[in-house]
Each structure stands twice: as structure tokens, then as C-alpha cells.
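*Asks:*
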Amino acid sequence: MKTSNNYGFENKSLALPVAIVLLLIMFLVLFNPITIVGVGERGVKVTLGKVSPTSYPEGVHLVMPFISKIKNMDVKTQKNFMETEVYTKDIQQARISYVINYNLEPQNAHNMYREVGMAYKDTILMPVVEGTIKDVIGKWNAQDLVANREAATTDIIGKLQRQLAPRYINVTGFQITDINYSKVFEQAIESKVTAEQEALKAKNRTVQIQEEAKQKIISAEAEARSMKIRADALAQNKSLVQYEAVQKWNGVLPTYMMGNSVPFIGMGNFKN
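In my numbering, the protein residues as written are 31 to 302.
(1) I'd like the list of long-range same chain contacts for Gly298, defined as Cβ closer than 6 Å, with 5 residues on each side in sequence excluded.
(2) Helix, strand or coil for Thr107 per DSSP?
(3) How long is the line joining the alpha carbons of Gln238 and Ala250, rounded to whole angstroms?
(4) Can you tell me which of Arg179, Val105 and Ala45 puts its alpha carbon nearest to the alpha carbon of Val67?
(5) Answer with yes or no whether the minimum CB distance from Pro95 to chain D is below 8 Å.
(6) Out of curiosity, what's the CA-to-CA distance linking Tyr86 and Arg125?
(7) Report all residues from its chain with a CB closer than 7 Å to the CB of Asn178; omit the five preceding and five following residues, and keep chain order.
(8) Is there contact between the region 110-117 and the region 89-101, where contact requires at least three CB pairs shorter than 8 Å?
(9) So Met142 and Met94 are in contact, right, with Cβ under 8 Å, and what is the actual spacing, rounded?
(10) Could you name the residues of the same chain whose beta carbon sits closer than 7 Å to that of Leu52, not counting the 5 residues immediately before and after it, in chain order?
(11) Where do the N-terminal and C-terminal ends of the beta strand (DSSP E) with Phe123 fall, by residue?
(12) So for Asp208, helix, strand or coil by DSSP?
(13) Could you say which of His91, Leu230 and Glu135 lies nearest to Gly70 if we only look at CA atoms?
(14) If you draw a straight line from the alpha carbon of Ser256 to that of Asp262, how long is it in whole angstroms?
(15) Within 10 Å of its beta-carbon, does Thr236 have 16 or more other beta-carbons around it, so buried, or fewer, so exposed?
(16) At which residues does the alpha helix (DSSP H) containing Glu71 begin and terminate?
(17) Quick check on Val158: does DSSP put it in helix, strand or coil?
(18) Short of 7 Å in beta carbon distance, which residues of its chain neighbour Glu88, apart from the five on each side in sequence? Order them along the chain.
(19) Could you say which of Asn110, Glu145 and Val176 lies nearest to Phe215 if we only look at CA atoms?
(20) Exposed or buried, which one is Asn138 when buried takes at least 16 other CB atoms within 10 Å?
(21) Identify the residues that DSSP records as bridge partners of Thr202: which are they?
(22) For Lys244, is the classification buried or exposed, using 16 other Cβ atoms within 10 angstroms of its Cβ as the cut-off for buried?
(23) Cα separation between Ile206 and Ile187?
(24) Out of Thr118, Lys119 and Leu155, point me to the one whose CA is closest to Tyr132's CA.
(25) Could you check how far apart the C-beta atoms of Leu190 and Val146 are, in whole angstroms? I think they sit under 8 Å.
(26) DSSP three-state call for Thr114: helix, strand or coil?
(27) Our contact map puts Val201 next to Asp185 with C-beta atoms below 8 Å; I'd like the distance itself, whole angstroms only.
(28) Starting from Gly188 and walking both ways along the alpha helix (DSSP H), at which residues does that stretch end?
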């Protein structure tokens with residue numbers, strides 16, 4: 031009997047700790063006072079409808095069940111590929127494909143939640159992006175935009191950063207990846223480029239012909255001056271006439287019908 035009483039006493043002494051552990055487990059399961067803020071997130075604590083004045087970093091945090099809760103907001107860099115329809119300065123419709131990189135400022139996650147909520151992308155980001163793209167593209171003529179895509183991109187990202195920084199959004203990158211016009215307009219551009227290339231070829235050929243003609247004129251003028259100089263010289267000095275004849279003589283003396291050769295130059299003029 032004594033042994034049995036000791037065994038029962040030991041069972042009663044173990045029952046209390048076990049019950050406490052079970053109650054603790056049930057409390058944790060039912061009321062869940064532990065919240066985890068994951069990597070690349072910031073926690074926003076809401077107590078009885080009031081947002082905390084700071085953002086909670088990554089890790090484990092305790093909250094009062096039914097009184098407080100923590101909302102996790104993603105602060106990692108987001109990369110979105112988007113398209114939008116715009117009009118250029120010369121009223122040409124274009125489809126702009128672009129990529130934008132952005133993130134929610136970690137230190138202002140609680141401010142964003144208080145002012146906008148979780149859906150800040152649709153509420154703030156996209157309206158500003160769409161409006162900025164339309165504003166910048168509308169300053170360019172369609173054909174010029176193709177050649178100045180980088181300038182337009184730089185203008186857009188600068189305006190986005192200035193407009194979204196006060197709204198707790200950090201824009202880290204923006205790039206126009208493609209510009210598509212209607213087929214009719216693209217064909218018109220292609221035809222215009224082809225016509226300009228053909229016109230340039232014709233212009234270059236005209237310049238070449240003009241230069242060749244100019245060189246011929248210069249050459250003819252030089253030849254005419256040379257002939258005049260020689261003619262003047264021959265007129266003033268008759269011995270040069272014979273000299274010129276000798277220069278052009280092929281060594282064959284002219285003959286008459288009688289078969290006699292006549293000297294090309296009067297031999298009586300030479301002295302022994």
C-alpha cells in the first residue's frame with residue numbers, strides 16, 4: 031500500500047507540469063503571439079487600429095493577441111516588364127515596352143502602410159509611371175524618338191525618381207526596350223530612309239561628275255596655256271621650228287615621184 035501511494039503521488043506531481051506545457055502549446059496555437067518578419071521585408075505593427083511609428087526589421091517579434099498584429103511589406107527590389115500606349119508629338123500612336131526596377135524604402139514601410147496600404151504599386155507607382163512616359167514621349171516626333179531612345183529614357187527615370195522619392199518609392203532603373211509603330215508608319219519611315227539614301231548617292235555622283243569636269247577644264251586650260259607659250263616661242267625664234275620638227279621626226283626622209291630624197295633640213299646651213 032505504501033508503494034502504491036508513492037506511485038500515485040509521483041503521477042500527481044508530474045501531471046501539473048505536463049498540463050502547463052499543454053496549455054502553453056494550446057495558447058501558442060490558438061492565439062499565436064509570435065510573428066516572424068522575413069528576409070527582404072519590414073513589419074508594420076498595428077495596435078488597436080493604430081500603426082506603429084517605426085518599421086520592424088527582419089526576425090521574430092512578439093505581439094499581444096487580439097490587440098496587436100504585424101503586417102509584412104516587401105522591400106526587395108522589384109523588376110516589372112510593362113507596355114503602354116502613347117502618342118508622339120506628331121500624333122503617331124506607339125506601343126512602348128519598358129522595364130522598371132523599384133523598391134519600397136525600408137525605413138518608410140510603416141508610412142506607406144498608414145497612407146496607402148499594401149497595394150501601393152497600383153495606387154501610386156503605375157499612375158506616375160504611365161503619366162511620366164506619356165509626358166516625355168509626347169515631346170518627341172516619332173522618327174526622332176527612335177534615334178533618341180536613350181535621351182528619352184534618361185529624362186523618364188529622372189522624373190520618376192523626383193516624383194516617387196517623396197512617396198517612399200525608390201526607382202533604381204528604367205529602360206525602354208522596344209518602340210512599335212503602326213505598320214503603315216513603319217513602311218513610310220522605311221521608304222523615306224531609302225529615298226534619302228538614294229538622294230545621297232545621286233548627290234555624291236553629281237559631285238563626282240562636277241569634280242571630274244572641273245579637272246578636265248583645268249587640264250585643258252593648262253594645255254592651252256602650254257600651246258600658246260610654245261607658239262609664241264616659235265614665232266619669235268625660227269630655229270625652234272626646226273628643233274620642234276627634229277623632235278617629232280621619225281628618221282625617214284620624204285621622197286618625190288622621181289624617187290629622189292630631199293633633205294629634211296637645208297644642209298647648206300651646216301658648216302664643215
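Every residue, glycine too, gets a C-beta built ideally from N, C-alpha and C.
*Replies:* Taking the coordinates as given:
(1) Caution applies to Gly298, whose pLDDT of 43 falls short of 50 and renders its modelled position unreliable; the model cannot decide the point.
(2) Thr107: coil per DSSP, three-state reduction.
(3) In this model, Gln238 and Ala250 are separated by some 18 Å (Cα to Cα).
(4) Answer by Cα proximity: Val105.
(5) Going by chain labels, chain D is absent from the structure shown, which holds only one protein chain.
(6) Computed Cα separation, rounded: 41 Å.
(7) Sequence-distant Cβ neighbours of Asn178 in its own chain, meaning closer than 7 Å and more than five residues away, are Trp170.
(8) Segments in contact, no.
(9) Wrong, their Cβ atoms sit about 24 Å apart, outside the cutoff.
(10) Beyond the five residues adjoining it in sequence on each side, Leu52 comes within less than 7 Å, by CB distance, of no other residue in the same chain.
(11) It is worth fixing the name first, because residue 123 is Gln in this sequence and not Phe. Gln123 -> beta strand (DSSP E) spans Gln123 to Leu134.
(12) In this structure, Asp208 counts as strand in the three-state DSSP scheme.
(13) The shortest C-alpha separation from Gly70 is found at Glu135.
(14) In this structure, the CA atom of Ser256 is about 10 Å from the CA atom of Asp262.
(15) Exposed, since its Cβ has fewer than 16 Cβ neighbours within 10 Å.
(16) Per DSSP, Glu71 belongs to no alpha helix (DSSP H); it is in the beta strand (DSSP E), Glu71 to Thr77.
(17) In the structure shown, Val158 sits in a helix (DSSP, three-state: H, G or I).
(18) Closer than 7 Å at the Cβ level, and outside the excluded window around Glu88, lie Val67, Gly68, Val69 and Glu71.
(19) Nearest option by C-alpha distance: Val176.
(20) Under the 10 Å beta carbon count, Asn138 is surrounded by 16 or more other beta carbons and is classified as buried.
(21) Thr202 pairs with nothing; no bridge assigned.
(22) It is exposed - the Cβ of Lys244 has fewer than 16 other Cβ atoms within 10 Å.
(23) So the alpha carbons of these two residues sit roughly 10 Å apart.
(24) Of the candidates Thr118, Lys119 and Leu155, the residue whose Cα lies closest to the Cα of Tyr132 is Leu155.
(25) With 8 Å as the limit, Leu190 and Val146 do not qualify as a contact, their Cβ atoms being about 17 Å apart.
(26) Thr114: strand per DSSP, three-state reduction.
(27) That belief does not hold up - the Cβ atoms of Val201 and Asp185 are roughly 13 Å apart, past 8 Å.
(28) DSSP places Gly188 in the uninterrupted alpha helix (DSSP H) bounded by Arg179 to Leu194.
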